[in-house]
């Protein structure tokens with residue numbers, strides 16, 4: 312609901328919003344805490360009751376209530392509001408020149424609501440670059456774009472972004488994109504800003520090239536022409552050479568023919584393209600059973616009628632002995648498993664699609680001398696996988 316603000320005491324002032332709702336505030340507090348209201352109050356005229364009225368026709372009541380509480384108490388609790396509402400509150404705070412509040416909201420959303428920001432990336436990006444002061448949002452957006460630029464540059468609304476937003480991306484050393492693709496997207500954006508340009512480049516006039524050159528005057532200095540291949544220059548830059556300064560095109564041509572020749576143009580360094588890192592190979596805990604089997608065994612151990620999911624398995628299975636690695640002898644078993652508790656043993660039957668196994672919570676103790684006694688544990692179990700399934704408790 313939109314609101315109307317009305318102040319009824321001499322020490323207060325009146326701020327009006329739409330839909331007949333009023334708020335009471337004190338001039339001294341408004342002046343001291345808000346440059347916005349300090350300016351508004353200085354230009355407002357007292358009525359017959361010595362009350363000043365300020366009209367805020369575009370501010371929603373729900374937002375102004377938060378703004379007024381912040382002006383009075385310096386606190387803004389965000390947890391109870393929808394993320395979309397909080398995001399829009401950022402721009403309301405800027406409208407009231409409450410830069411500190413806007414910055415705090417930026418930090419909160421980036422640290423606590425990044426999944427929402429990614430889900431609404433286009434909206435976040437477009438609005439963030441409409442305001443010069445939203446540096447945290449702008450950096451967050453660009454950090455995501457340079458890592459995965461294709462999703463951004465290939466989006467339908469790419470050509471709708473502001474010039475300052477495009478410049479902030481293409482000047483980044485860590486933009487993960489080949490230089491010729493950067494050039495193509497810059498040209499695409501520039502042409503989209505000039506709807507009257509002919510669709511066929513062969514039909515362009517000098518005025519058409521000059522129009523594109525003027526549109527891209529702040530973008531072209533950030534293209535790394537000297538990091539492109541000769542083929543890319545000939546196929547993609549040369550058709551638009553008229554939008555480049557003559558000296559720059561001359562230097563590009565010289566470098567194509569004489570790569571070691573010194574030139575006057577600034578040579579920007581190549582972009583830092585990161586090599587994709589493969590995830591660290593982790594040795595599986597078993598070559599016989601998988602994580603789903605492990606979760607099922609865990610449910611048997613707990614006598615749980617409902618099988619655990621892999622994500623909810625309360626136990627971590629760690630490999631102690633592997634026959635193919637440590638040997639199949641009794642000595643190997645006792646060396647690694649003696650006195651180990653909570654043991655699960657699984658055995659793959661040769662030439663058969665069967666897995667046998669068992670669980671012993673208290674473990675085995677290696678017999679000394681001629682002792683061959685084995686204690687039977689009541690809560691141990693045996694299991695048989697794949698060719699049927701049964702549990703034996705004893």
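Numbering (my numbering), first residue to last: 312 to 705.
Glycine is no exception: its CB is placed at the ideal position from the N, C-alpha and C atoms.
Local Cβ density within 10 Å of residue i, reported as buried at 16 or more and exposed below that
i, result
"residue 386", "exposed"
"residue 541", "exposed"
"residue 694", "buried"
"residue 423", "exposed"
"residue 497", "buried"
"residue 526", "buried"
"residue 636", "exposed"
"residue 460", "buried"
"residue 568", "exposed"
"residue 639", "exposed"
"residue 429", "exposed"
"residue 282", "No answer is possible for residue 282: the residues shown for the chain start at 312 and end at 705."
"residue 545", "exposed"
"residue 518", "exposed"
"residue 319", "At residue 319, the pLDDT of 29 sits below 50, so the modelled position is not reliable and the matter cannot be decided from this model."
"residue 343", "exposed"
"residue 512", "exposed"
"residue 383", "exposed"
"residue 677", "exposed"
"residue 571", "exposed"
"residue 336", "buried"
"residue 584", "exposed"
"residue 663", "exposed"
"residue 339", "exposed"
"residue 350", "exposed"
Cβ-Cβ separation, residue j to residue i (assumed contact under 8 Å), whole Å
i, j, result
"residue 449", "residue 433", "So it is not a contact: roughly 14 Å between Cβ atoms."
"residue 347", "residue 402", "At roughly 13 Å, the Cβ-Cβ gap does not stay under 8 Å, so residue 347 and residue 402 are not in contact."
"residue 273", "residue 565", "This structure cannot settle anything about residue 273, because the visible part of the chain is limited to 312 through 705."
"residue 660", "residue 667", "6 Å"
"residue 617", "residue 605", "With a Cβ gap of about 16 Å, residue 617 and residue 605 do not count as contacting."
"residue 494", "residue 548", "7 Å"
"residue 409", "residue 381", "7 Å"
"residue 352", "residue 363", "6 Å"
"residue 300", "residue 412", "As shown, the chain starts at 312 and ends at 705. That puts residue 300 outside it, with no answer to give."
"residue 477", "residue 530", "6 Å"
"residue 538", "residue 607", "Residue 538 to residue 607, Cβ: 55 Å. No contact."
"residue 441", "residue 472", "Residue 441 to residue 472, Cβ: 11 Å. No contact."
"residue 400", "residue 377", "6 Å"
For residue i, the first and last residue of its enclosing alpha helix (DSSP H)
i, result
"residue 386", "First-last for residue 386: undefined, no H or E at that position."
"residue 659", "No alpha helix (DSSP H) holds residue 659; the beta strand (DSSP E) holding it covers 654-659."
"residue 367", "Residue 367 -> not in any alpha helix (DSSP H); beta strand (DSSP E) instead, spanning 364-367."
"residue 670", "From DSSP, residue 670 is part of no alpha helix (DSSP H) but of the beta strand (DSSP E) over 666-671."
"residue 437", "432-439"
"residue 353", "346-354"
"residue 485", "Looking at the DSSP string, residue 485 is not in any alpha helix (DSSP H), and its letter there is neither H nor E."
"residue 526", "517-526"
"residue 674", "No alpha helix (DSSP H) contains residue 674, which DSSP labels as neither H nor E."
"residue 495", "490-503"
"residue 419", "410-423"
"residue 400", "394-406"
"residue 604", "602-612"
Same chain, Cβ closer than 8 Å to residue i, five either side skipped, listed in chain order
i, result
"residue 520", "551, 553 and 554"
"residue 418", "447"
"residue 502", "508 and 523"
"residue 603", "621"
"residue 598", "633 and 635"
Nonlocal neighbours in the same chain, by C-beta distance under 6 Å from residue i, ignoring five residues either side
i, result
"residue 579", "535"
"residue 404", "412 and 413"
Nonlocal neighbours in the same chain, by C-beta distance under 7 Å from residue i, ignoring five residues either side
i, result
"residue 651", "631 and 674"
"residue 468", "433"
"residue 499", "470"
"residue 483", "453 and 457"
"residue 595", "none"
"residue 488", "460"
Bounding residues of the beta strand (DSSP E) (the contiguous stretch that carries residue i)
i, result
"residue 335", "333-337"
Residue i beta carbon near the ligand GDP (any heavy atom closer than 7 Å)
i, result
"residue 441", "The ligand GDP is not among the ligands present in this structure, which contains no ligands whatsoever."
Give, in chain order, every unbroken run of the alpha helix (DSSP H) that is at least 4 residues long and sits entirely within the region 441-473. Uninterrupted alpha helix (DSSP H) stretches at least 4 residues long and entirely within the region 441-473 occur at 446-458 and 460-464, given in chain order.
I'd like the ranges of any alpha helix (DSSP H) spanning at least 4 consecutive residues and lying wholly in the region 619-651. Listed in chain order, the alpha helix (DSSP H) runs fully inside the region 619-651 are 634-637 and 641-648, counting runs of at least 4 residues.
Secondary structure, alpha helix (DSSP H): runs of 4+ residues fully inside the region 554-590: The region 554-590 contains these whole alpha helix (DSSP H) runs: 557-568.
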